[in-house]
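Asks: Residue numbers (our numbering): 1 to 294. Let me begin by handing over the structure; questions about it come next.
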C-alpha cells in the first residue's frame, strides 16, 4: 500500500489486491474497500466491512448499469464511448445529467463513481482508475508510462493517441475495445499471409524486412497498435522458442516490426533506411552487433 498526496484531498492511501486491482482507498480518513468480478467493480464496503453499494454491469467491458445502496437504485446511461452521461432513479426520474470535455474533463458536476468511458472516478484524487494505470482528465494524459512500452505508440503517457473522440482505452494499455482482440488477431494473421504471398522467397534481406514492417504497418492501421504488437512479438518469440529461429533473427524482425508499427501510428510510409537486414552464409549468421545492415 502506498501513500500519495493530491488536491483536493490532503491524505490518500491506496491498496491493491494480488491481481493488481485497486481494492482499498483511504481518502482523508474515509475508507472504502472494493470487490471485483474480473475487471468489474461489483461491491463497495466501508471501513467496518459493511456493504454500502452494489454495482451491476452489462455484458460489455466498462458497462456499469445499476448501482444499489440500501433501497436506492441509480440507473446509468452512457454515450458511444461508454461515458456515463445521465443517471436516473428506479422510476425514471433524472438524477444527474453530465457532460465531459474531449479528454474527460468534468462538466458542472463530478462523476458518481463511474464517469468518462465508464471508468472509476476517484473524487479525492480527481483521477480515473484505468486498471493498468491512473489517468488525469485535467492533464489529458496518463500519470504512469505504458506497461506495454511502445506497443501503443512512442508517447508512453498519451491517451488514445491524443484522439479521444475516436477511441477509448479500457485497460490503460492500448486503444480499442478489449473484446475485439480475437477478431483483430485473426485479421493480423490474414495480413501476414498476404504479405508473405507478396514476398514468398525473401529471408533476412530487404524484402524480408519490408514484409515484416508492412505487416505491422497494415495491422496497426486496420486494427490497432496493441494488436500489432501482440501479433508481431508473439510470432517472433514462438519462432525462436519452438521453431529454432536464431536470436539474432528475432531481434532483427522485432526491430523491423517496430518500424512498421510506428509508420502505421503516424500514417506515414515505411522508411527503408530504418530497416535492418541480416546476411546469411550457409547456416551461420553474422554477429548482430557487427553483421546487421541498417
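C-beta atoms are modelled at their ideal positions from N, C-alpha and C, and glycine is treated no differently. Note that the coordinates shown come from a computational prediction; the quantities given were computed from them, not determined experimentally.
(1) Give me the residue from 240, 142, 220, 162 with the minimum Cα distance to residue 257.
(2) Under 8 Å by Cβ, that's how I've got residue 236 and residue 270 pegged, so tell me the actual separation to the nearest angstrom.
(3) With distances taken between CB atoms, is the gap from residue 249 to residue 204 smaller than 8 Å?
(4) Span of the alpha helix (DSSP H) holding residue 238?
(5) Are three or more beta carbon pairs between the stretch 23-30 and the stretch 156-165 nearer than 8 Å?
(6) How many whole angstroms separate the CB atoms of residue 147 and residue 114, which I take to be in contact at a CB cut-off of 8 Å?
(7) Could you tell me whether the stretch 182-201 touches the stretch 238-247, using the rule of 3 or more Cβ pairs below 8 Å?
(8) If I measure Cβ to Cβ from residue 164 and keep anything under 6 Å in the same chain, skipping five residues before and after, which residues do I get?
(9) With burial defined as no fewer than 16 other Cβ atoms inside 10 Å of the residue's Cβ, what is the status of residue 80: buried or exposed?
(10) Could you tell me the distance, in whole angstroms, from the CA atom of residue 34 to the CA atom of residue 222?
(11) Which residue spans inside the stretch 22-79 form an unbroken beta strand (DSSP E) run of at least 3?
(12) Look up residue 130 in the DSSP assignment and say whether it is helix, strand or coil.
(13) Roughly how many angstroms lie between the CA atoms of residue 170 and residue 61, to the nearest whole one?
(14) Quick one: give me the first and last residue of the beta strand (DSSP E) that residue 245 is part of.
(15) Under 6 Å Cβ to Cβ from residue 54, same chain only, skipping five residues before and after it: list those, please.
(16) Mark residue 262 as exposed unless 16 or more other C-beta atoms lie within 10 angstroms of its C-beta, in which case mark it buried.
(17) Alpha carbon to alpha carbon, how far is residue 255 from residue 276?
(18) DSSP three-state label for residue 98, please.
(19) In angstroms with no decimal places, state the Cα-to-Cα distance between residue 139 and residue 85.
Replies: To lay it out plainly:
(1) One-based indexing of the chain shown puts residue 257 at position 257. It is 220 whose Cα lies nearest to the Cα of residue 257.
(2) By one-based count along the chain shown, residue 236 stands at place 236. By one-based count along the chain shown, residue 270 stands at place 270. With 8 Å as the limit, residue 236 and residue 270 do not qualify as a contact, their Cβ atoms being about 18 Å apart.
(3) Translated into the one-based positions of the chain shown, residue 249 becomes position 249. Translated into the one-based positions of the chain shown, residue 204 becomes position 204. Going by C-beta atoms, residue 249 is nearer than 8 Å to residue 204.
(4) Here residue 238 corresponds to residue number 238 of the chain shown, with the count starting at 1. 225-241 is the span of the alpha helix (DSSP H), which, as asked, contains residue 238.
(5) No, because fewer than three Cβ pairs between the stretch 23-30 and the stretch 156-165 fall closer than 8 Å, the two stretches do not touch.
(6) Sequence index remark: in the chain shown, residue 147 carries index 147 (1-based). Sequence index remark: in the chain shown, residue 114 carries index 114 (1-based). 23 Å between Cβ atoms; not a contact.
(7) The stretch 182-201 is not in contact with the stretch 238-247.
(8) Along the chain shown, read from residue 1 onward, the residue named residue 164 stands at position 164. If the five residues before and after residue 164 are omitted, its C-beta is found closer than 6 Å to the C-beta atoms of 102, 103, all from its own chain and listed in chain order.
(9) Walking along the chain shown from the start, residue 80 turns up at place 80. The residue is exposed, with fewer than 16 neighbouring Cβ atoms inside 10 Å.
(10) Along the chain shown, read from residue 1 onward, the residue named residue 34 stands at position 34. Along the chain shown, read from residue 1 onward, the residue named residue 222 stands at position 222. Their Cα atoms are separated by approximately 37 Å.
(11) List check, beta strand (DSSP E) in window: 22-27, 30-37, 40-46, 51-57, 64-69, 72-78.
(12) Walking along the chain shown from the start, residue 130 turns up at place 130. Three-state result, residue 130: coil.
(13) For the purposes of this step, residue 170 is identified with residue 170 of the chain shown, where counting begins at 1. For the purposes of this step, residue 61 is identified with residue 61 of the chain shown, where counting begins at 1. In a straight line, the C-alpha of residue 170 is about 7 Å away from that of residue 61.
(14) Looking up residue 245 in the chain shown gives position 245. That residue, residue 245, is in no beta strand (DSSP E); it is neither H nor E in DSSP.
(15) Here residue 54 corresponds to residue number 54 of the chain shown, with the count starting at 1. These residues qualify, in order along the chain: 43, 68.
(16) The residue given as residue 262 occupies position 262 in the chain shown. When all chains shown are included, residue 262 counts as buried.
(17) For this step, residue 255 is matched to residue 255 along the chain shown. For this step, residue 276 is matched to residue 276 along the chain shown. Going from the Cα of residue 255 to the Cα of residue 276 covers about 7 Å.
(18) Against the chain shown, residue 98 aligns to sequence position 98. In the three-state reduction of the DSSP assignment, residue 98 falls in the coil class.
(19) Here residue 139 refers to the residue found at position 139 when the chain shown is read from its first residue. Here residue 85 refers to the residue found at position 85 when the chain shown is read from its first residue. Distance between the alpha carbons of residue 139 and residue 85 is about 21 Å.
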